[in-house]
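Each number in this note's numbering corresponds to the 1-based position in the sequence shown with 1238 added. Ideal Cβ placement from N, Cα and C applies to all residues, glycine included. Presented below is the structure to which this report refers.
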Amino acid sequence: MREDPVEKKASMSQRVYDRMADSYDPLMTMYRYAPAVREIVGNALDRVPHQGKVLDMGCGTGFALEAVAARRPDVELTGLDLTPGMLDICRNKIPTAKLILGDFNKVDGYRAFSNGEPAGLDEDYDLIISTGAVSEYADLEATLPLLRDHLRPGGTFLNIGIGRNPVNLISGMLWRFRPRGSRDFMTACERAGFQKVTRQTIRWRWFPTNVLKYAVSARKPDA
Ligand SMILES: C[S@@+](CC[C@H](N)C(=O)[O-])C[C@H]1O[C@@H](n2cnc3c(N)ncnc32)[C@H](O)[C@@H]1O
């Protein structure tokens, strides 16, 4: 029987990230990634109410969740990822986060990483973050409307994506994605019904993160 293409893509990504899980944080540290994520995510937290809820789609080892936890210990954190090896590291770094093993291109089949029990996502997150994951690995036409549905009215989606340049086209071959670039990603957000889709600057002092990545925020319309 032929494998479903969504399953096939997911199992390929999972293999790649399981293999590189242990070297992922040292690599990202070399790219000066954490301080850039802290600053960009920090700016989005102003719109998250006291004891609000943040979801990170494709949370990996937890850079963005860590940035939220450092600034806003009151916030409830949920991270979803496909790769057990990445979630294992995330769990050690941020034991308070609720972690879910699952594929963001699917609406079901999610499991709590803690005990393997069936798990679901809420529909009223104040902020959904994705860093180097949704813009690279999602079927945007299907997944962006689902993300919008998981936000409360007026909630924010913040995506840090991998830019479309020669270096990233090559690294995309190794990491199994095709960089889309910010313009295409912003258009897809608008098509999915997001408003106030804006690109944010990643400052030069975060080189080389600034040349590799872009940040886009988008708002779910108020009810
Ligand atoms: C480049 S890493 C980014 C990890 C983390 N967000 C960060 O900024 O460091 C991409 C992550 O997306 C996850 N991923 C890829 N495809 C996915 C999918 N379909 N559903 C959920 N997670 C996925 C991978 O397992 C990996 O952890």
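Listed as beta-bridge partners of residue 1454 by DSSP are 1397 and 1437. At least one heavy atom of ligand 1 lies closer than 7 Å to the C-beta of residue 1369.
A check of alpha carbon separations from residue 1449 across 1375, 1328, 1392 and 1399 identifies 1399 as the nearest. Contact check for residue 1368 and residue 1290: beta-carbon distance about 17 Å, past the 8 Å limit, so the pair fails to qualify.
Taking C-beta separations shorter than 8 Å and ignoring five residues to either side along the sequence, the partners of residue 1359 in its chain run 1293, 1316, 1318, 1338, 1348 and 1388, following chain order.
Look at residue 1241 here: in three-state DSSP terms it is coil, with no helix or strand label. Annotation for residue 1337: no alpha helix (DSSP H) segment contains it, though the beta strand (DSSP E) segment containing it runs 1336 to 1339. For residue 1271, the secondary structure class from DSSP, reduced to helix, strand or coil, is helix.
By the CB criterion at 8 Å, residue 1287 and residue 1391 fall outside the cutoff. Beta-bridge analysis with DSSP links residue 1375 to no other residue. The C-alpha of residue 1447 is placed about 28 Å away from the C-alpha of residue 1383. Taking the Cα of residue 1260 as reference, the smallest distance to any Cα among 1395, 1422 and 1330 is reached at 1330. The Cβ atoms of residue 1282 and residue 1409 lie no closer than 8 Å to each other. A direct Cα-to-Cα measurement between residue 1434 and residue 1311 gives close to 27 Å. One alpha carbon belongs to residue 1266, the other to residue 1361, and they sit about 31 Å apart.
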